[in-house]
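Numbering (my numbering), first residue to last: 96 to 734. Step one of this worksheet: look at the structure below.
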């Protein structure tokens with residue numbers, strides 16, 4: 096027994112010696128001690144791998160190397176080194192992982208490399224630009240903007256309906272609406288929320304993500320695939336992929352049937368149609384990378400990249416808005432100043448709303464959705480910084496390490512959107528901000544993601560004041576799988592009623608806050624029902640309306656100034672209306688109500704200005720009591 100133990104110790108010592116001698120001879124990046132076969136894997140926290148690797152980066156420097164199982168891994172934590180490294184052709188290969196090589200077979204875009212990756216990336220980029228992913232205004236961008244706004248409006252409508260009865264988790268609603276937006280871009284169609292094919296497709300995609308997370312160790316220890324547990328997992332992943340591709344095949348068949356029956360065959364506004372057009376133009380011999388297997392993998396990549404990361408970012412944004420109400424109020428105040436009454440938030444408002452842009456960017460920084468970035472592989476021996484990196488290594492751009500480094504961010508663990516604002520209030524992106532990767536593999540849909548986040552976040556904050564339910568603790572830690580996602584949570588959101596401005600609210604009428612619901616009902620009855628009917632029906636068509644408004648602002652109210660003989664009146668009203676004479680008593684009553692209207696309007700404006708200047712809550716809660724009279728008004732909802 097002692098002899099066996101001695102031989103084992105000797106073997107381990109020789110392996111460690113050879114490893115470190117080789118590291119020194121080739122000038123490999125510095126790294127921690129590790130074990131044969133498994134490398135550093137036993138010390139990586141499976142719940143928070145990004146934090147474990149960040150600690151290594153703090154100890155060993157911006158370029159750190161070690162083995163994770165059979166895969167030599169280099170983690171980068173300096174933004175300049177990341178940009179320089181990922182600009183090299185040697186890093187255009189996919190990460191050397193078992194799942195990308197063995198199961199995905201190099202199809203699609205995420206797992207592709209070489210000529211296939213170049214060809215398909217160019218195709219995807221051209222399609223996105225043709226569909227409207229452009230920075231300048233024009234018909235193309237307007238069409239894309241309309242798609243996004245329609246999805247955002249549907250999201251607000253569903254949240255309002257679902258939250259009427261109590262707090263809800265917004266995940267399902269956000270997933271449906273954002274998924275449908277991506278469906279319209281990828282497939283050219285949308286689904287009803289309860290449509291079976293849509294529910295089945297979402298189930299397959301969610302299960303696929305879970306199974307890939309379970310199979311994670313296979314990427315670094317491929318021999319585990321022979322164990323029964325992982326063998327079942329692999330079969331489950333492959334089976335789910337085939338079922339998903341079958342759904343895509345049915346969608347393709349439906350598309351081709353519509354195309355045959357349609358007179359307008361020139362309109363191509365989705366990836367499926369564009370890809371199918373390329374397949375039709377080429378015969379089998381010259382189809383190249385435009386094949387059905389490539390199409391199905393590409394559709395899955397586009398859906399996953401378009402929904403998963405953007406959806407998770409939006410969920411984090413809403414959670415941080417609930418946790419930091421003061422920042423939420425600043426954004427809503429900015430909206431009220433920049434967006435006209437009754438107008439809808441559009442992409443043209445981005446320049447005028449730097450605080451919303453800054454809040455989104457700060458969420459992307461403090462909760463990097465892909466904390467390990469998008470790892471790539473080296474296709475040849477290369478040099479990173481002062482170190483040699485062999486061919487076949489996995490390079491990990493540590494977004495979490497960069498975005499939480501005190502060398503680049505003051506108090507990096509604190510939520511401060513102001514760090515993305517200049518002294519004059521403009522939005523800017525620091526060099527150390529890398530939410531969409533860098534280099535040749537930069538996210539091809541970056542501009543589209545920015546458009547979606549701005550319009551969804553803005554539309555939701557325009558409609559709701561977000562908070563957490565009473566006694567609810569905001570958990571901002573999250574759960575790390577393929578992406579860093581918020582833990583299941585409930586949000587309470589109070590709809591604000593549009594009076595003359597969205598953010599003027601009468602929270603003192605709120606029964607929950609101790610107000611009087613009857614008073615609120617009377618308030619709306621007086622100023623919303625009776626007065627507006629009276630004013631617009633009786634006054635809009637009467638001859639002295641224009642003269643009264645002018646005199647109201649020129650002098651104090653004087654009934655004698657509204658005599659029918661006033662000559663100035665004739666230049667503003669038609670001869671027909673001049674024949675209408677009103678009794679003095681009616682003029683007096685009318686003048687009283689019009690005066691009340693303008694005094695009310697002035698009061699609302701003064702309160703609005705006061706709240707904006709004092710940075711008081713921009714969306715104080717209003718509760719409309721249950722009443723048939725107010726059935727058309729929104730009520731307090733929670734989600």
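Yeah, the Cβ is synthetic: ideal placement off N, Cα and C, and Gly gets one too.
Looking at the secondary structure, which residues open and close the beta strand (DSSP E) in which residue 492 lies? 489 to 492
Short Cβ contact (7 Å threshold) for residue 318 with residue 214: no
Give the range of the beta strand (DSSP E) segment to which residue 136 is assigned. Neither: residue 136 is in no beta strand (DSSP E) and is coded neither H nor E.
Near residue 481, what residues of its chain come up, given a Cβ to Cβ distance below 8 Å and the 5 sequence neighbours on each side ignored? 122 and 158
Euclidean distance between Cα positions of residue 292 and residue 253: 20 Å
For residue 410 and residue 429, believed in contact at Cβ under 8 Å, the rounded distance: In fact, because the Cβ distance is near 22 Å, the residues do not count as touching under 8 Å.
Runs of beta strand (DSSP E) lying entirely within the region 484 to 539, each at least 3 residues, in chain order: 489 to 492
Can you give the Cα-Cα distance for residue 433 and residue 540, rounded to whole angstroms? 27 Å
Quick one: residues in its chain with C-beta nearer than 6 Å to the C-beta of residue 407, no 5 flanking neighbours on either side, listed in chain order? 464, 578 and 580
Residue 521 burial status per 10 Å Cβ neighbour count (16 or more: buried): exposed
Among 296, 454, 460 and 166, the one whose alpha carbon lies nearest that of residue 345: 296
Mapping DSSP to helix, strand and coil, what is residue 474? coil
Using a Cβ-Cβ cut-off of 7 Å (strictly less than) and excluding sequence neighbours within five positions of residue 736, which residues of its own chain qualify? Look at the range of the chain in this structure, 96 to 734, and you will see that residue 736 is not part of it.
N- and C-terminal bounds of the beta strand (DSSP E) containing residue 162: 158 to 163
With a cut-off of 8 Å on the beta carbons, I'd call residue 462 and residue 573 a contact; round off their distance for me. 6 Å
Pull up the distance between the alpha-carbon of residue 251 and that of residue 267, whole angstroms please. 13 Å
By DSSP's criteria, residue 575 is part of a beta bridge. Which residues make up the other side? 579
Suppose the cutoff is 6 Å on Cβ atoms and the five residues either side in sequence are ignored; what does the same chain contact list for residue 485 look like? 476
Looking only at its chain, what residues have a beta carbon closer than 7 Å to the beta carbon of residue 284, apart from the 5 residues adjacent to it on each side? 278
Which two residues bound the contiguous beta strand (DSSP E) that contains residue 560? 559 to 562
Of the residues 144, 125, 175 and 287, the one placed nearest residue 533, counting alpha carbons only: 175
Alpha-carbon to alpha-carbon, residue 466 and residue 185: 23 Å
DSSP bridge partner residues for residue 189 (one or two, in chain order): 471
Is it buried or exposed, residue 220, if we count other Cβ atoms within 10 angstroms and call 16 or more buried? exposed
Quick one: Cα of residue 712 to Cα of residue 424, how far? Bear in mind that a pLDDT of 35 at residue 712, under 50, signals an unreliable position, so the model cannot answer this.
Proximity winner among 394, 570, 188 and 438, relative to residue 418 (alpha-carbon distances): 570
Which class does residue 325 belong to by DSSP, given the choice of helix, strand or coil? helix
Closest by CA to residue 205, which one among 565, 389 and 528? 389
What span of residues does the beta strand (DSSP E) with residue 286 cover, start to end? Careful: residue 286 lies outside any beta strand (DSSP E) and carries neither H nor E.
Give the DSSP bridge partners of residue 586, in chain order. 263
I believe residue 575 touches residue 127 by the beta-carbon criterion, under 8 Å. Please report the beta-carbon distance rounded to the nearest angstrom. The Cβ separation is near 20 Å, so there is no contact.
Which residues share a DSSP beta bridge with residue 169? 160 and 490
Euclidean distance between Cα positions of residue 472 and residue 538: 17 Å
Residue range of the alpha helix (DSSP H) that residue 202 falls in? Residue 202 -> no alpha helix (DSSP H), and no H or E assigned at all.
Would you list the residues sitting across from residue 446 in a DSSP beta bridge? For residue 446, which the question treats as bridged, DSSP gives no partner whatsoever.
Taking Cβ to Cβ, would you say residue 565 is nearer than 7 Å to residue 262? no
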